[in-house]
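Asker:
Numbering (our numbering), first residue to last: 1 to 69.
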């Protein structure tokens, strides 16, 4: 993938449910402009599941989306 022109940076903290609800829409929009998505977690509780959820969702992000966690 070429260097993206747009970076979407999503700060998160104990936000598993919000990521589940919103990341698929962000992926769809990002693919249209070949953007990269960066989720920055601020030490979510291990029981929250934010990191695992983001990782699972990133696997299905599709081509044209560069992701970082």
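Even glycine gets a Cβ: it sits at the ideal position worked out from N, Cα and C.
Taking only the alpha-carbon atoms, compute the straight-line gap between residue 40 and residue 32 and give it to the nearest angstrom.
Answerer: If I take the Cα positions, the gap works out to 22 Å.
Asker: Between which two residues does the alpha helix (DSSP H) holding residue 95 run?
Answerer: Outside the modelled stretch of the chain, which goes from 1 to 69, sits residue 95, for which no answer is possible.
Asker: Just how far apart, CA to CA, sit residue 7 and residue 37?
Answerer: For residue 7 and residue 37, the distance between alpha carbons rounds to 6 Å.
Asker: Expressed to the nearest angstrom, what Euclidean distance is found between the alpha-carbon atoms of residue 3 and residue 57?
Answerer: About 22 Å.
Asker: For residue 23, which residues of its own chain have a beta-carbon under 6 Å away from its beta-carbon, when the five flanking residues on both sides are left out?
Answerer: Excluding sequence neighbours, residue 23 sits near 57.
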